[in-house]
Structure formats: structure tokens, C-alpha cells
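Asks:
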Ligand code: FAD
Ligand code: PYC
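Residue numbers (my numbering): 40 to 454.
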């Protein structure tokens, strides 16, 4: 695979850019692979990438029913942070955040990581206590966050209305190296790197069944025929319940739609990311100038990958009090993704009741930020058959045993 560099661009410029090869191959499936990963979202692709990079396993297929990155990975609002409360969460989210710092160089693909700073506003006294607690926990975990007062919030976000009539801004949990990255580029970068290692990315190929023998996985039935495998990783976010059902086990996960919208582009007015969890809204400004806005999840289970009128109204009503500047903005697009929610708002990276079949799901409304850390941990699990330190606490049996990893506060606006 040709390296992307300033020299390559200059050379191609002389050639009218006719010499670029496709970023990834689109092969027909082989009869069998050492490992199959179902789902070419960020988590599935990152799993495959670290299987190759960290464990030397490259006879891998990534099977995707639509187009790669077309699920939640390409639909999210790209917030990256690691300000979670529990130790196991801080470990995996901070691992992910730190991998984002060098991802562009590692993948030789510009993922536009922008650690512009992230604020979670406290707009009730309850939130002040919650976020101060998180700041203390993060200090012990080695995650750089701090509690800041309203004056500092105003300095960082000049467009904010600190003295809102119902919910004045009382301070914020601030992570200076939190921010955003370009979501598609994360999927494309991993895909290109996987393809360069000789892995097969098979798009437009739906997994319709999981074949087991004596309780051990043997392969998958797909819309392109049967494909055998020694190991299977299921990484399908909102469709995890269906895949688990095909493999013959149940998951403590519910699927709901989460929606977002963007405004018309405007001049730069906010160079940090702001989450306002009490009023249920969050906002950042994209490189194109659009205000990227999101709210809460739908209050009922569904598989609707689109927006709805009541969400636009609810989310904008919530945010206008804190950001009066957006009251006259025109909204351009809205969309939705199907997120996979667990009861403790933490993910599952786990062995399953089926031999050699592993599951990675439950990232709910907050898995974009986790993609590299999750892929790293899942690759470890698939390669060795046992979870490493990053994944150990996130097993699916914790719900039976009451070992919850409660992140309902850190999960933020979306919960
Ligand atoms: P996906 O990207 O959904 O990939 C799963 C893939 O599996 C899909 O491409 C799907 O087509 C495929 N698949 C499903 N069934 C099958 C099958 N039978 N056969 C083959 N393939 C199959 N997270 C953050 O950290 N920050 C945010 O700001 C943020 N904002 C969000 C905003 C919205 C509107 C939404 C919807 C989500 C947001 N998230 C955010 C959450 C984040 O997007 C997800 O947690 C993350 O993208 C999940 O990645 P994934 O790879 O697990 O899933
Ligand atoms: O997890 O940070 C997050 C998030 C923000 C918006 C949706 N999810």
C-alpha cells in the first residue's frame, strides 16, 4: 500500500492524481478464516487492526451488511473524552484517548484528531458534587481533568449564557485534551490499514446465522454463502441482540435510536466541545462551521436510523437557554443511529457461552471515543481466548453477579 505523504501528493500532482490506488480491496470471501469479525464499524475494524498489529493474526475477514462505517461510527457526533468515574472505565477510555493522540501517524491516515477541550457543564448542585467527585477520581486514575468555576467556563466559551433563568452555569468538569476526530476517517483509516495487512473487508454481506458444533463456533451463514472460521468476534452495536440470538445466547442489551443534527455553517464561534447534561443537549462546531448538536435517546426501543420532529424541538429548546446565539440558526440535517444500551451504561467485551465466540457491544451512546481502546482489548481477547486487564471487568456475566460498572453520570447527556 502506497504511503500517504507530502512527497506522494506532490508526485501525484504531476500525474493529475491518476496514480492513487483504492484505499482498500473488495475481495470475494474465502472458504475459511482464522478469525471473522462481524461488523465493519470502528470497533470491528479496530479489533481486526490490532489482531494484525499486536498479535500477527492477519487471516481475518471483516463482514459488513452495509458499507463500512455506515452504522453508528459514521453517525455520531465525534466527542472524545475519558472523564469516566470507575477505574476500569477510566483505564479503557484513557487508553483509547491516548491512542487517538497518535492515530493519524499510526494509521498513516489523517483522522483529524482535535483535542480542543471538552466541558461538561454543571447546572445543578447535584452535578457540582458529581463532577467534583469525578475530578478527584480522575486525579487518582491519572486522567487529566479538572473542576472549573463559571468565570473560567465563560472565558472558554464566550457564547455561553452563564446566568440562565432556570439552569445557570455553576461550573464544569473540564478535560483539556478531550475533543473530536473525524468519524469517517477513523473507519477509513483502520479499513485501509487492515486491507494493507491482507485482511478481507467484505461489504454488502449480511450475517444471517452462526454455525456451532458441540458448543463451539464453526462459521457464519451470510448473504454471500457460508464462511468458516476458527474464531468469531461479534461487533455489531445496535444489532448485538440479533447476532447473539443467532449464536444461541441472550445479552442484557437494549436497542434505541439516538439522534443528532447540524446547523447551517457559521463563522467560528466556539472552539471547545460543550455537554449540558441537565438540559439534555451538547454542541460543538465542525471544521466546516456547522454547529453539531445532539440530545437524548428515544424513550422507547426501536431500530429507526433517522431523526424525528420531537427531538429537534426538545434538543434545541434545551440548548437555546444556555446558548441564545443558536436561536436563529437554520438546521440543515438530522439523523439517527441505533445504540446498544446496557443497564450500567458500560460496555461488554466478553467471552460468550459459545466456544471461540466473543462479543464486543454495549457502548451505547458513547463508543466513538472508545474505538482504539476497545479494538485493542477485543483483539487481545480474540487472540488469547481470555480477556486482558483492559477487558476483564467488562464481561457479560457481571449483570448476573451484580458487579455493575455504573457510568450513568459519565455517560452524559445521552442517558
Ligand atoms: P457501528 O458503527 O454501528 O458498527 C456496527 C456494524 O455492524 C454496522 O456497520 C452494521 O451495519 C453492522 N452489522 C449489524 N448487523 C450485521 C449483520 N447481521 N451482518 C453484518 N454486519 C452487521 N460516541 C462517542 O463517543 N461520542 C459521541 O459524540 C457520540 N455521539 C453519538 C451520536 C449519535 C447520533 C449516535 C447514534 C451515537 C453516538 N455515539 C457517540 C456512540 C457511537 O457512535 C457508538 O458507540 C460507536 O460508533 C459504535 O461503534 P461500533 O463499531 O460498535 O458500531
Ligand atoms: O459519549 O461523549 C459522549 C457523547 C456525547 C454525545 C453523545 N455521546
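Using N, Cα and C, we set each Cβ at its ideal position, and we do this for glycine too.
1. Return yes when the C-beta of residue 136 is under 7 angstroms from any heavy atom of the ligand PYC, and no when it is not.
2. Is there at least one non-hydrogen atom of the ligand FAD closer than 7 angstroms to the beta-carbon of residue 39?
3. Would DSSP call residue 373 helix, strand or coil?
4. Taking the alpha helix (DSSP H) that residue 348 belongs to, which residues open and close that run?
5. For a test of the three-state rule: what should DSSP assign to residue 327, helix, strand or coil?
6. Would the stretch 289-303 count as touching the stretch 322-336 if we require 3 or more Cβ pairs under 8 angstroms?
7. Using the Cα positions of residue 233 and residue 166, report the straight-line distance between them to the nearest angstrom.
8. Using 7 angstroms as the cut-off, classify the Cβ of residue 367 as near or not near the heavy atoms of the ligand PYC, replying yes or no.
9. Are there 16 or more other CB atoms within 10 angstroms of the CB of residue 309, so buried, or fewer, so exposed?
10. May I have the straight-line CA-CA distance separating residue 340 from residue 378, to the nearest angstrom?
11. Under a three-way DSSP split, which group does residue 122 fall into?
12. Residues bridged to residue 71 by DSSP?
13. Does DSSP classify residue 212 as helix, strand or coil?
14. For residue 111, verify whether its CB is less than 7 angstroms away from any heavy atom of the ligand FAD.
15. Look at the Cβ atom of residue 108, then the Cβ atom of residue 223, and state whether they are nearer than 8 angstroms.
16. Hey, residue 294 and residue 280 are a contact pair by Cβ (cut 8 angstroms); roughly how many whole angstroms apart?
17. In this structure, how does DSSP classify residue 104 when only helix, strand and coil are distinguished?
18. Taking only the alpha-carbon atoms, compute the straight-line gap between residue 150 and residue 82 and give it to the nearest angstrom.
19. If you follow the alpha helix (DSSP H) that residue 86 is in, where does it begin and where does it stop?
20. Using only alpha-carbon positions, find the residue among 346, 451, 292 and 353 that is nearest to residue 435.
21. Which value, in whole angstroms, describes the spacing of the CA atoms of residue 352 and residue 362?
22. Does the distance from the CB of residue 79 to the CB of residue 266 come in under 8 angstroms?
23. Examine the ligand FAD and report whether any of its heavy atoms sits within less than 7 angstroms of the Cβ of residue 191.
24. Do three or more CB pairs link the stretch 236-251 to the stretch 179-186 at distances below 8 angstroms?
Replies: Considering the structure as presented:
1. Incorrect: residue 136 has no Cβ contact closer than 7 angstroms to the ligand PYC.
2. Outside the modelled stretch of the chain, which goes from 40 to 454, sits residue 39, for which no answer is possible.
3. Note: residue 373 maps to strand in three-state DSSP.
4. In the DSSP annotation of this structure, the continuous segment of the alpha helix (DSSP H) that includes residue 348 starts and ends at 348-361.
5. DSSP places residue 327 in coil when its eight states are reduced to three.
6. They touch, by the three-pair rule.
7. In this structure, the straight-line span from the alpha carbon of residue 233 to that of residue 166 is close to 42 angstroms.
8. Relative to the ligand PYC, even the nearest heavy atom lies 7 angstroms or more away from the CB of residue 367.
9. Around the CB of residue 309, 16 or more other CB atoms lie within 10 Å, so the residue is classed as buried.
10. Distance between the alpha carbons of residue 340 and residue 378: 10 angstroms.
11. Residue 122: coil per DSSP, three-state reduction.
12. Beta-bridge pairing links residue 71 to 267.
13. The answer is strand: DSSP assigns residue 212 an E or B state.
14. It does: the Cβ of residue 111 is within 7 angstroms (strictly closer) of some heavy atom of the ligand FAD.
15. Closer than 8 angstroms, so yes.
16. Indeed, because the Cβ distance is near 7 angstroms, the residues count as touching under 8 angstroms.
17. Taken through DSSP and simplified to helix, strand or coil, residue 104 comes out as coil.
18. The alpha-carbon of residue 150 is positioned some 15 angstroms away from that of residue 82.
19. It spans 81-94 - the alpha helix (DSSP H) in which residue 86 sits, taken as one unbroken run.
20. When 346, 451, 292 and 353 are compared, the shortest CA-CA separation from residue 435 is found for 292.
21. Rounded to whole angstroms, residue 352 to residue 362 spans 15 angstroms at the Cα level.
22. Between residue 79 and residue 266, the gap from beta carbon to beta carbon reaches 8 angstroms or more.
23. Relative to the non-hydrogen atoms of the ligand FAD, the Cβ of residue 191 never comes closer than 7 angstroms to any of them.
24. No, because fewer than three Cβ pairs between the stretch 236-251 and the stretch 179-186 fall closer than 8 angstroms, the two stretches do not touch.
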